[in-house]
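In the numbering used here, the protein residues as written are 2 to 591.
This is the structure in structure tokens:
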């Protein structure tokens, strides 16, 4: 079943990449059109602006971009008029080039006519309503607008306005932050009801963190408060949106300096207010919440995931605590933020997760459980904690590999069978099991493929220095080789280095070297799961790279040497910002 699921995801990704269309320019003066990944013009380059495609949530394969065309005075280059419209990825005009300005999101647009009327139209240019007042922001089905110096919000299509406010903005978790002239500050629901009020809140830090924790300003400094108004026990001179703090700030003639600075540990904040967190928690964004009308769960932590995410985005795979479980075996779940699917369910918190299987721990009794989508089995005491540094989780198998270190830190490897039986091995190193097979190294340094009964199925003649853990492609990387779970050499790579899995399909190899001055340097190469080298058209070695991939995009981005390089998920090079290609990138890279 999982094999079928993986193949569906694989073909879905390839079908999406086949439809990739992006803005490109040509000519003098430069004009913009749309090209596909084969280099063909889908929309001829006769336009002056086509923005990056966005709004994937509206319909993933029909995202939109704003398009503009200038009108010039006679034969000069003087622009007398710019007309804006909306186009989809197939090149179809959803909104014709007829508006003075256009701002679109979540299926609606704020459009200004050349008679200076403000309209709300949908993505088919159907007028929803005329706006009374100057509109400036729209999100989902809520619009923010102002009349003179007074600010309001309301639902699209509703005549009921909420305000006036001196300040109003969209907050996270589908809330609106607003401040009144008398100093009242609150997060509002879209129906105008108050979700949370605290007059000590700071307008430029209007964020609802987990469990409704928020930042406030007091006479003693800035800190955190819970819904009941109780304050955190630490004060800060200043806090910014990334949760960095500064204390004992001193101003000199031409610069300032923090006497003490650092990053606030939100785990400590949550524990102070009595909320559950797990040790080694690495939540990247404590403000994330599922975008639903009523909160159904709380995010406890995130797991190492297949996609390296940009910091402002949700982690891909997280552990959640369900607030309304159907039964006790659904108290906790491993949850995919992007697909909004629960992968595993458990009665107890899941402390270890690796591709479709996990280990859940009951802290009260000390018992541990092996869980898959269709199994929930109590595990025996194996003499070590069930953590990833000593336990290797199976994929498409039910046998766990673990090691125990002796007083000299030499490991002894064991396997834990599905029925709870423990078998000691004579191997000095092992991988995890993938589809019933593992690689193992004997004391005489011979390398074998073994099955779940530890029966030797094959001897590998190629020497391997070390064995890691099979990923969901059934691959490990060692000695400059991609090796599969049956011991086959998938590909030979000339370079050795540290390999990091970046997506389900691509790997980064960091190659270290010494320059002429003896300084330690490195560069990166990218490979697909068949060992094919990923590079730009110049066979560039990527220096100091950042990698961005997301299920919301049908391409991924590598940032290197101040340029962005774009690829589809077949590994085809689409172009770079050096060539003038402009695609969406994470906000903190801009």
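Where a beta carbon is used, it is the ideal one built from N, C-alpha and C, also for glycine.
Is the beta carbon of residue j closer than 7 angstroms to that of residue i?
| i | j | result |
| --- | --- | --- |
| residue 200 | residue 185 | yes |
| residue 403 | residue 383 | yes |
| residue 347 | residue 333 | yes |
| residue 232 | residue 265 | no |
| residue 449 | residue 431 | no |
| residue 95 | residue 87 | yes |
| residue 359 | residue 345 | yes |
| residue 512 | residue 527 | no |
| residue 121 | residue 129 | yes |
| residue 53 | residue 37 | no |
| residue 433 | residue 373 | no |
| residue 481 | residue 494 | yes |
| residue 92 | residue 44 | yes |
| residue 180 | residue 163 | no |
| residue 123 | residue 109 | yes |
Buried or exposed for residue i, going by 16 or more other Cβ atoms inside 10 Å?
| i | result |
| --- | --- |
| residue 127 | exposed |
| residue 191 | buried |
| residue 111 | buried |
| residue 581 | exposed |
| residue 202 | buried |
| residue 529 | buried |
| residue 409 | exposed |
| residue 576 | buried |
| residue 472 | buried |
| residue 395 | buried |
| residue 362 | buried |
| residue 223 | buried |
| residue 230 | exposed |
| residue 178 | buried |
| residue 240 | buried |
| residue 515 | exposed |
| residue 312 | Confidence in residue 312 is poor, its pLDDT being 31 and thus under 50, which makes the residue's placement unreliable; the coordinate value appears in the next sentence. Label assigned to residue 312: exposed. |
| residue 320 | buried |
| residue 522 | exposed |
| residue 442 | buried |
| residue 73 | exposed |
| residue 82 | exposed |
| residue 318 | buried |
Grab me the residues of residue i's own chain with a C-beta within less than 8 angstroms of its C-beta, minus the 5 sequence neighbours each way, in chain order.
| i | result |
| --- | --- |
| residue 212 | 227, 228, 271, 274, 276 and 299 |
| residue 260 | 248, 249, 250 and 251 |
| residue 208 | 172, 173, 215, 216, 242 and 288 |
| residue 533 | 492 and 572 |
| residue 447 | 460 |
| residue 143 | 154, 155, 156, 157, 171, 177 and 191 |
So what does residue i bridge to, in DSSP terms?
| i | result |
| --- | --- |
| residue 37 | 22 |
| residue 377 | 372 |
| residue 457 | 451 |
| residue 413 | 405 |
| residue 138 | 145 |
| residue 246 | 240 and 263 |
| residue 44 | 35 |
| residue 300 | 321 |
| residue 391 | According to DSSP, residue 391 bridges with nothing at all. |
| residue 28 | None; residue 28 has no bridge partner. |
Check whether chain C comes within 7 angstroms of residue i, counting only Cβ atoms and requiring the distance to be less than that.
| i | result |
| --- | --- |
| residue 342 | The question asks about chain C, but that chain is absent: this structure has only one protein chain. |
Excluding the five sequence neighbours on either side, which residues of its own chain have a C-beta within less than 6 angstroms of the C-beta of residue i, listed in chain order?
| i | result |
| --- | --- |
| residue 48 | 33, 68 and 70 |
| residue 51 | 24, 33, 66 and 68 |
| residue 578 | 564 and 565 |
| residue 501 | 509 |
| residue 104 | 111 |
| residue 107 | 141 |
With residue i as the anchor, note down where its beta strand (DSSP E) starts and where it stops.
| i | result |
| --- | --- |
| residue 268 | No beta strand (DSSP E) contains residue 268, which is instead part of the alpha helix (DSSP H) from 267 to 273. |
| residue 212 | Per DSSP, residue 212 belongs to no beta strand (DSSP E) and is neither H nor E. |
| residue 231 | Taken as a continuous stretch (DSSP letters only), residue 231 belongs to no beta strand (DSSP E), as it is neither H nor E. |
| residue 71 | 65 to 73 |
| residue 220 | Counting along the chain, residue 220 falls outside any beta strand (DSSP E), and DSSP gives it neither H nor E. |
| residue 130 | 128 to 131 |
| residue 323 | 318 to 323 |
| residue 468 | It is not in any beta strand (DSSP E) - residue 468 carries neither H nor E in the DSSP assignment. |
| residue 165 | 163 to 166 |
| residue 342 | 342 to 347 |
| residue 97 | 94 to 100 |
Might you give, ordered along the chain, the residues of its own chain that have their beta carbon closer than 7 angstroms to the beta carbon of residue i, omitting 5 neighbours on each side?
| i | result |
| --- | --- |
| residue 452 | 437, 438 and 458 |
| residue 183 | none |
| residue 568 | 535, 556, 557, 574 and 575 |
When you measure from the CB of residue i to every non-hydrogen atom of the ligand GDP, does any distance come out below 6 angstroms?
| i | result |
| --- | --- |
| residue 188 | This structure lacks the ligand GDP; in fact it carries no ligand of any kind. |
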